[in-house]
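Below is one structure, written out as structure tokens; the observations come after it.
Chains as they are written, first to last, in full-length UniProt numbering: chain A, 1 to 310; chain B, 1 to 310.
Structure follows, in structure tokens:
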């Protein structure tokens, strides 16, 4: 038995996961954002302790957290205002102190990608790209069953691929022209507000699109196409077997995905497109905590190998 | 001892390479383009036979060829008019028949990348991106010491990353806005010709730039910056430890590389840029044949493992 934890900007979820990746019990709490990093870590630890009381001991705990997480050192390298005080936090160390159990930490999207690759939409696939379209654009790569982390330990993001160089829209990262500035939920809201003068959320824009409003339809379609074109360029380099899509924007509306597939079709070379399928996430809400539990399992196996070597 | 062969659109080179990747002897011939695929294959085989007469037997032959080459099947999946008749050619099978030796085949840029990763500018680096700026833009990825081939077997190209979506320049691949349409040697010539009405080669444009001509300087600088911006976006996803640059354009002029580094600096996230160095190729003219010999070595080792298993 393992425990997986999903730390996000609005909620923290924890679950007991069995060896086959099934979630046996799941609990969650609101993220105490206004009370700072220590309160968030304590809340996560309390959820785990609650599960331990219900289900007995586990061998390790895995955590998928928002922000740039260095799996190797267990430190949150960067995080935005959704998780105040998380930047520089030695998350693994703090949780191991509180729980007295081995803990593995990883970025939430990378954890979700590992879960989808091993147990979800990417089963049997050697190279998988996970793309999450929510407020921002998250991404992760799984190559040969392993989460790709690059030289910095935090590679695999997709939001800062270039869409419109130089004169492009401002991205929250401070650069111009990143795809996140065109295709994220935040971008959809901002572009709609700029065009209409009305600031409404993506679900409402999606409803207006369903009701036939031209502007709403155009904004959603252009956002999806922009991401598809950009992914098409990346597919020409990476040639993955599967692109797995998830995130809030795809859940609330129906124009984004076909527009994305159109853009992908436009830009991807035929040989790359033929060997690549586009799928939806299967594990959805549990993907992060299942993936985190898989990383916890790796950590106990590393530990066992370490002991065997001693 | 191994033999490496480099099959390009203008010349075919072959060399005897020792176990440490040193080229002991190198011979070359013009590619008999007008006489078709069979003549090209025969010329390559004759060069190898010439080396065998001079140096005695070798255990295997490796070939790096222009075009999309499927290493697994040994077939040239696609090739342009530089190598007429190569599309669909079972290159490995044909050469093994002619030479009666084990042959490994791979795309030339991938072979060069393997050589640079093991013995050149990418020594000691886990993730390396090779970018070749010649008539077109070639690219290859080496991850954990292995050439990355993706699901299709021919992934790793960089020329069809998106630079200007939808209304962009036409790329030789038939799409619009690929970076190859902005930053390759061919693009530099075409853009210069469009602006000036004069069709001159890149070396002459480079000379004019050195002499202070504004248009020549602008065309070269914008091409380099376009590639740098695009690679910056890719670096944000792949976070490689090194970008290794080579190819004819970088050899003849001096504005492209600093402009590329400027673009990269603009678009890459600080955490990715910090862990990534930009280097020039070290093996230059011999990179393809050295890399091909490394693949030949792999092939003999696979063979030996196969025998040991029998």
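The C-beta atom is built at its ideal place from N, Cα and C for all residues, glycine as well.
Quick one: list the residues of chain B neighbouring residue i, beta-carbon separation under 9 Å, in chain order.
{"i": "residue 142 of chain A", "result": "Within 9 Å Cβ-Cβ: nothing; residue 142 of chain A doesn't reach chain B, min ~13 Å."}
{"i": "residue 240 of chain A", "result": "150, 151, 155"}
What are the residues that DSSP puts in a beta bridge with residue i?
{"i": "residue 37 of chain B", "result": "None; residue 37 of chain B has no bridge partner."}
{"i": "residue 138 of chain B", "result": "B:132"}
{"i": "residue 106 of chain B", "result": "B:64"}
{"i": "residue 246 of chain A", "result": "A:132"}
{"i": "residue 11 of chain A", "result": "A:30"}
{"i": "residue 277 of chain A", "result": "A:242"}
{"i": "residue 2 of chain A", "result": "A:17"}
{"i": "residue 70 of chain A", "result": "A:75"}
{"i": "residue 127 of chain A", "result": "A:143"}
{"i": "residue 25 of chain A", "result": "A:16"}
{"i": "residue 178 of chain B", "result": "B:162"}
{"i": "residue 170 of chain B", "result": "B:176"}
Would the beta-carbon of residue i fall within 7 Å of that of residue j?
{"i": "residue 105 of chain B", "j": "residue 92 of chain B", "result": "yes"}
{"i": "residue 252 of chain B", "j": "residue 111 of chain B", "result": "no"}
{"i": "residue 8 of chain A", "j": "residue 66 of chain A", "result": "yes"}
{"i": "residue 283 of chain B", "j": "residue 115 of chain B", "result": "yes"}
{"i": "residue 227 of chain B", "j": "residue 183 of chain B", "result": "yes"}
{"i": "residue 132 of chain B", "j": "residue 242 of chain B", "result": "no"}
{"i": "residue 149 of chain A", "j": "residue 155 of chain A", "result": "yes"}
{"i": "residue 248 of chain A", "j": "residue 161 of chain B", "result": "no"}
{"i": "residue 122 of chain B", "j": "residue 244 of chain B", "result": "yes"}
{"i": "residue 311 of chain B", "j": "residue 151 of chain B", "result": "The displayed coordinates of chain B run from 1 to 310. Any statement about residue 311 of chain B would go beyond what the structure contains."}
{"i": "residue 48 of chain A", "j": "residue 99 of chain A", "result": "yes"}
{"i": "residue 216 of chain B", "j": "residue 208 of chain B", "result": "yes"}
{"i": "residue 23 of chain B", "j": "residue 211 of chain B", "result": "no"}
{"i": "residue 181 of chain A", "j": "residue 198 of chain A", "result": "no"}
{"i": "residue 29 of chain B", "j": "residue 43 of chain B", "result": "yes"}
{"i": "residue 103 of chain A", "j": "residue 97 of chain A", "result": "no"}
{"i": "residue 158 of chain B", "j": "residue 137 of chain B", "result": "yes"}
{"i": "residue 291 of chain A", "j": "residue 153 of chain A", "result": "no"}
{"i": "residue 264 of chain B", "j": "residue 231 of chain B", "result": "yes"}
{"i": "residue 246 of chain A", "j": "residue 185 of chain A", "result": "no"}
Take the Cβ of residue i as the centre, count every other Cβ of all protein chains shown within 10 Å, and call the residue buried at 16 or more, exposed below.
{"i": "residue 270 of chain B", "result": "exposed"}
{"i": "residue 6 of chain B", "result": "buried"}
{"i": "residue 11 of chain B", "result": "exposed"}
{"i": "residue 18 of chain A", "result": "exposed"}
{"i": "residue 68 of chain A", "result": "buried"}
{"i": "residue 240 of chain B", "result": "buried"}
{"i": "residue 36 of chain A", "result": "exposed"}
{"i": "residue 293 of chain B", "result": "buried"}
{"i": "residue 237 of chain A", "result": "buried"}
{"i": "residue 4 of chain B", "result": "buried"}
{"i": "residue 255 of chain B", "result": "buried"}
{"i": "residue 309 of chain B", "result": "Caution applies to residue 309 of chain B, whose pLDDT of 46 falls short of 50 and renders its modelled position unreliable; the model cannot decide the point."}
{"i": "residue 176 of chain B", "result": "buried"}
{"i": "residue 58 of chain A", "result": "buried"}
{"i": "residue 229 of chain A", "result": "buried"}
{"i": "residue 54 of chain A", "result": "exposed"}
{"i": "residue 222 of chain B", "result": "buried"}
{"i": "residue 21 of chain B", "result": "buried"}
{"i": "residue 146 of chain B", "result": "exposed"}
{"i": "residue 201 of chain B", "result": "exposed"}
Just to make sure I have the definition right: I need the residues of chain E whose C-beta is within less than 7 Å of the C-beta of residue i. Which are they?
{"i": "residue 236 of chain A", "result": "Judged by its chain identifiers, the structure shown contains no chain E, and its protein chains are A and B."}
At a CB-CB cut-off below 8 Å, which residues of chain A make contact with residue i?
{"i": "residue 77 of chain B", "result": "271"}
{"i": "residue 139 of chain B", "result": "237"}
{"i": "residue 57 of chain B", "result": "In chain order: nothing, as chain A lies at least about 36 Å away."}
{"i": "residue 32 of chain B", "result": "Those within 8 Å of residue 32 of chain B in chain A number zero; the least Cβ separation is about 28 Å."}
Just the chain A side, please: which residues come within less than 7 Å of residue i by C-beta, in chain order?
{"i": "residue 276 of chain B", "result": "151"}
{"i": "residue 171 of chain B", "result": "Ordered by position in chain A, no residue passes the 7 Å Cβ test against residue 171 of chain B, which lies about 10 Å from the chain."}
{"i": "residue 267 of chain B", "result": "162, 175"}
List, in order along the chain, the chain B residues whose C-beta lies closer than 7 Å to that of residue i?
{"i": "residue 126 of chain A", "result": "151"}
{"i": "residue 230 of chain A", "result": "162"}
{"i": "residue 233 of chain A", "result": "160, 161, 162"}
Taking Cβ-Cβ distances shorter than 9 Å, what residues in chain A pair up with residue i?
{"i": "residue 258 of chain B", "result": "Going along chain A, no residue has its Cβ under 9 Å from residue 258 of chain B, so there is no contact; the nearest lies around 17 Å."}
{"i": "residue 90 of chain B", "result": "Correct list: empty, because the minimum Cβ distance to chain A is about 17 Å."}
Quick one: which chain B residues come within Cβ less than 8 Å of residue i?
{"i": "residue 222 of chain A", "result": "Residues of chain B passing the Cβ test: none, with the nearest at roughly 10 Å."}
{"i": "residue 102 of chain A", "result": "Those do not exist, as residue 102 of chain A stays about 26 Å from chain B at its closest Cβ, beyond 8 Å."}
Which residue spans inside the stretch 186 to 250 of chain B form an unbroken beta strand (DSSP E) run of at least 3? 242 to 246
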